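Have a look at the structure below, then the notes.
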Amino acid sequence: MSTLSAPTIVGGPTLSQRRELVTEIPGPISRALLERKQAAVANGVGISLPVFTAAAGGGILLDVDGNSLIDFGSGIAVTGVGNSAPGVVDAVTAQAALFTHTCFSITGYDGYVEVAEALNRLTPGDHDKRSALFNSGAEAVENAIKIARHYTGRQAVVAFDHGYHGRTNLTMALTAKSMPYKSGFGPFAPEVYRVPTSYPFRDGGLTGAEAAKIAITQIEKQIGASNLAAMIIEPIQGEGGFVVPAAGYLAALSDWATANGVVFIADEVQTGFARTGDLFACDHEGIVPDIIVTAKGIAGGLPLSAITGRAEIMDSAHVGGLGGTYAGNPLACAAALASIDAFENDGLVERAAAIGELMLGRLRALAETDTRIGDVRGRGAMIAIELVDENGEPDAALTGRVASFAHAAGVILLTCGTYGNVVRFLPPLAISDELLNDGLDVVADALASTRSAV
Ligand SMILES: Cc1ncc(COP(=O)(O)O)c(C=O)c1O
2 MSTLSAPTIV GGPTLSQRRE LVTEIPGPIS RALLERKQAA VANGVGISLP
52 VFTAAAGGGI LLDVDGNSLI DFGSGIAVTG VGNSAPGVVD AVTAQAALFT
102 HTCFSITGYD GYVEVAEALN RLTPGDHDKR SALFNSGAEA VENAIKIARH
152 YTGRQAVVAF DHGYHGRTNL TMALTAKSMP YKSGFGPFAP EVYRVPTSYP
202 FRDGGLTGAE AAKIAITQIE KQIGASNLAA MIIEPIQGEG GFVVPAAGYL
252 AALSDWATAN GVVFIADEVQ TGFARTGDLF ACDHEGIVPD IIVTAKGIAG
302 GLPLSAITGR AEIMDSAHVG GLGGTYAGNP LACAAALASI DAFENDGLVE
352 RAAAIGELML GRLRALAETD TRIGDVRGRG AMIAIELVDE NGEPDAALTG
402 RVASFAHAAG VILLTCGTYG NVVRFLPPLA ISDELLNDGL DVVADALAST
452 RSAV
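Residues 2 to 455 (my numbering) make up the sequence shown, in order.
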């Protein structure tokens with residue numbers, strides 16, 4: 002048990018919703034823990050902002066030194082319903098008192114079935130669906146590909162430039178970026194091919210149809226449609242830089258996949274569950290994927306992931322071909338049901354859209370006075386700015402300086418992008434407008450401070 006746990010501190014929305022620093026960042030207790038971490042935890046497991054957490058809730062993370070930081074990361078798009086959301090805490094506590102594990106493949110429990118029913122009901126399309134539950138996003142992606150190959154009897158899989166799908170062997174192969182995700186970890190899974198995507202800020206403003214034509218031509222010429230089991234795409238790319246494809250791009254790919262017997266897989270691990278101001282990012286353009294992959298926001302911080310797809314595709318795998326010891330753990334299912342209840346009934350989709358309007362408005366105003374902000378983009382509570390130098394080239398150094406300034410000022414700010422030059426905003430949907438504005442003030446100060454440092 003942690004020697005630092007303070008029983009009087011409670012997380013969740015009752016935590017004081019104010020940014021307040023009482024030590025430098027990181028403070029002495031966090032620094033001591035960091036030293037222990039370096040001696041005990043494998044080097045490859047990094048920490049972006051080396052503070053250690055005591056409690057979290059709403060839009061605040063309280064660290065072990067007593068600093069209250071604004072959370073613009075949600076643990077990478079996970080705690081949409083808020084950290085330690087009361088409904089999630091109650092559901093998990095009640096479930097923990099009943100049983101914590103059976104392995105669903107040994108004896109079943111209703112929570113798993115209820116989550117599957119909810120996913121079948123809520124994901125895009127009103128066709129007959131089936132779901133299967135797993136632990137992580139990468140594990141779910143692997144299973145989506147497994148099923149697509151089994152169903153089609155084909156092997157090739159297409160992924161996209163700037164795509165990110167995880168750190169397991171198959172998902173490393175699907176992921177585009179070498180450092181830090183792939184470098185030195187090969188060989189990678191075979192029969193994975195990468196094609197260009199739609200990246201309006203960097204592809205000269207191709208229309209969705211034009212960008213899709215380039216990708217499809219490459220697939221047809223270099224792989225052959227009849228060899229292709231699946232294409233997997235994030236409707237808005239996450240790690241790749243919050244890239245929103247041009248209108249019509251996803252629909253053109255999806256239509257082509259359907260016409261060619263290719264399973265169209267939407268990886269909504271980061272975009273799913275209200276994050277983008279719709280329940281799923283596919284909903285913005287009426288895309289109905291054959292399989293949708295979800296995780297992160299689904300269970301308020303408990304490890305759960307899922308794939309949901311057309312019944313005939315999902316049911317093609319033989320009994321025992323899918324599963325895992327912990328897959329669809331009962332605590333995670335209880336957390337998911339409480340989270341889904343919040344997504345459906347607490348106005349979180351609308352809240353995500355409102356957060357997006359506030360952030361886009363403020364960031365666009367900043368961009369008007371600062372040419373280093375080359376692009377402001379995103380949807381809902383998934384917004385980013387892409388920073389560039391005077392030649393329009395990606396400016397990763399500036400991005401790092403902005404993030405460091407924000408960290409020191411008590412704002413958890415994440416970066417991403419193939420070129421490391423994107424600042425991304427992923428606040429919990431439980432955050433207040435006051436905290437959003439305060440955090441964005443810090444970002445404006447960060448940009449101003451780096452301007453005077455040049
Ligand atoms: C789009 C997408 N797919 C897959 C993953 C992998 O999920 P996990 O880290 O839970 O394995 C992520 C994680 O960031 C992601 O953003």
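Where is the CB? At the ideal position from N, CA and C, for every residue including glycine. As the structure is a computational prediction, the values presented were derived from the model and not from experiment.
Given this structure, state the Cα-to-Cα distance separating Asn170 from Phe189, to the nearest angstrom.
Going from the Cα of Asn170 to the Cα of Phe189 covers about 6 Å.
Given 8 Å as the limit, is there contact between the stretch 80-88 and the stretch 436-448, that is, 3 or more CB pairs closer than that?
Three or more Cβ pairs closer than 8 Å define a contact, and the stretch 80-88 falls short of that threshold against the stretch 436-448.
Buried versus exposed call for Glu435 [16 or more other C-beta atoms within 10 Å across all chains shown]:
Glu435 comes out exposed.
Between the C-alpha atoms of Glu313 and Val289, what's the straight-line distance to the nearest angstrom?
Rounded to the nearest angstrom, the two C-alpha atoms are 15 Å apart.
Residues bridged to Asp64 [DSSP beta-bridge criterion]
Note: Asp64 sits in a beta bridge opposite Thr54.
Since I believe Ala231 is in contact with Val158 (beta carbons under 8 Å), could you give me their beta-carbon distance rounded to a whole number of angstroms?
Approximately 5 Å separates the beta-carbon atoms of Val158 and Ala231; this is inside 8 Å, confirming the contact.
Please tell me whether Gly13 and Gly74 are closer than 9 Å, where the distance is taken between their beta carbons.
Annotated as distal: Gly13 and Gly74, with beta-carbon spacing of 9 Å or more.
Meets three-Cβ-pair contact criterion under 8 Å: the stretch 92-112 and the stretch 352-372:
In short, these stretches do not touch, since the Cβ pair count stays below three.
At a Cβ threshold of 9 Å, is Ala230 touching chain D?
Going by chain labels, chain D is absent from the structure shown, which holds only one protein chain.
Should the stretch 286-306 be called in touch with the stretch 255-270, which here means at least 3 C-beta pairs below 8 Å?
At 8 Å Cβ cutoff, the stretches touch.
Could you round the C-beta distance between Arg276 and Gly81 to whole angstroms and report it? I think they count as a contact, below 8 Å.
Going by Cβ atoms, the distance from Arg276 to Gly81 rounds to 6 Å, so yes, they are a contact pair.
Please indicate yes or no: does the CB of Gly167 lie closer than 8 Å to some heavy atom of ligand 1?
Answer for Gly167: yes, Cβ within range of ligand 1.
Determine the closest residue to Gly205 out of Pro246, Gly262, Leu367, Gly348, with distance taken between C-alpha atoms.
For the residues Pro246, Gly262, Leu367, Gly348, the minimum Cα distance to Gly205 belongs to Pro246.
Note down, in chain order, each residue of its chain lying with its Cβ closer than 6 Å to the Cβ of Ala404, except the 5 sequence neighbours on either side.
Spatial neighbours of Ala404 in its own chain (CB-CB distance under 6 Å, excluding positions within 5 residues in sequence) are listed in chain order as Leu414, Thr416.
Please report the straight-line C-alpha distance between Met2 and Ile217, rounded to a whole angstrom.
Unreliable positioning characterises Met2 in this predicted model, as indicated by a pLDDT of 43, which lies under 50. The coordinate reading is nonetheless provided below. For Met2 and Ile217, the distance between alpha carbons rounds to 54 Å.
My understanding is that Ala213 touches Ala177, with C-beta atoms under 8 Å, so please give their C-beta distance in whole angstroms.
In this structure Ala213 does not touch Ala177 by the C-beta definition: roughly 18 Å separates them, more than the 8 Å allowed.
Limits of the unbroken beta strand (DSSP E) element including Cys417
For Cys417, the enclosing beta strand (DSSP E) stretches over residues 415-417.
Using a 10 Å radius around the Cβ and a threshold of 16 neighbouring Cβ atoms, would you call Ser49 buried or exposed?
Under this definition Ser49 is an exposed residue.
I'd like to confirm something about Thr172: is its beta-carbon nearer than 8 Å to some heavy atom of ligand 1, or not?
For ligand 1, a non-hydrogen atom lies closer than 8 Å to the CB of Thr172.
Is it right to say Glu36 is buried, meaning 16 or more other beta carbons lie within 10 angstroms of its own, or is it exposed?
Exposed, by the Cβ-count rule.
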